[in-house]
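Below: one structure, written as structure tokens.
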Amino acid sequence: MRRAGKWALGAALTAAAAFAAYQSSSAPGAVAPTEEFVESVVVSEPAVVTESPISDQPCGYQWATEDMPELTAEIDVAVKRLNPEASARAQAFGENCVRADGSSTFGAMETDFYVTLPTDDLTKEEDFGNWISQVMGVAIEIPRERLQGPNYGFVEFTFEQSEAERVILRVPIQRYLDEARGKSGAELFRMFYQP
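FYI, in the working numbering the residues of the sequence shown are 129 to 323.
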């Protein structure tokens with residue numbers, strides 16, 4: 129017999145033996161119940177089948193944001209404690225899965241914060257950096273489970289002298305944690321400000 133034929137015969141015999149062993153072990157009455165066997169049987173409730181809220185329809189993805197009113201109220205109160213003239217809001221950033229029927233599902237990627245502070249002088253880098261340090265201290269204390277999405281977002285600071293005169297800078301939370309924690313004043317401001 130050739131080598132390939134022996135290989136095929138061996139595989140067929142192995143499969144037949146495995147099938148026979150399976151049949152004999154699963155046949156009714158093949159195993160006499162013992163006290164040990166009976167104690168190890170687990171009885172579970174039948175599974176309840178519910179319809180998934182996510183559709184099986186394909187979708188197109190679009191960048192999207194969602195307001196977070198509860199977290200906005202909390203961060204706004206915390207920021208106003210630091211400076212009553214300031215304001216803050218929270219927003220989840222992610223994607224909408226938009227289906228052909230017009231329905232959509234939002235999937236958050238991160239939570240971002242927007243903080244505005246009125247000022248009479250846009251050159252106060254020392255004061256702005258100290259403000260950033262105070263607000264970042266509040267932002268990083270928010271428990272992760274209160275934030276949406278798997279990624280750290282950012283805190284966007286707007287220092288506003290008038291509607292047309294303002295300085296805006298973003299502080300990525302992860303970068304702040306890695307590189308800027310403990311810094312303040314003009315040094316902190318310059319780390320993130322790109323004129």
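Where is the CB? At the ideal position from N, CA and C, for every residue including glycine.
Cβ pair residue i, residue j closer than 8 Å
i	j	result
residue 285	residue 301	no
residue 201	residue 234	no
residue 250	residue 299	no
residue 190	residue 224	yes
residue 238	residue 280	yes
residue 317	residue 241	no
DSSP beta-bridge partners of residue i
i	result
residue 279	238
residue 193	221
residue 287	245 and 295
Spatial distance of residue i from residue j (CA atoms)
i	j	result
residue 308	residue 216	21 Å
residue 265	residue 184	43 Å
residue 310	residue 198	28 Å
residue 167	residue 273	Note on residue 167: pLDDT 37, under 50, position unreliable in the model; the coordinate value appears next. The straight-line gap from Cα to Cα measures roughly 41 Å.
residue 247	residue 289	5 Å
residue 277	residue 236	5 Å
residue 252	residue 186	51 Å
residue 230	residue 275	27 Å
residue 291	residue 243	15 Å
residue 208	residue 218	14 Å
Residue-chain proximity (residue i, chain B), Cβ-Cβ < 8 Å
i	result
residue 319	No chain B is present in this structure, which holds just one protein chain.
Reference residue i; option with closest CA among the options
i	options	result
residue 269	198, 206, 194 and 195	206
residue 214	220, 289 and 245	245
residue 305	218, 283, 203 and 227	283
residue 319	254, 226, 229 and 292	254
Alpha helix (DSSP H) segment containing residue i, residue limits
i	result
residue 210	197-210
residue 267	253-267
Residue i, enclosing beta strand (DSSP E) - first and last residue
i	result
residue 223	215-227
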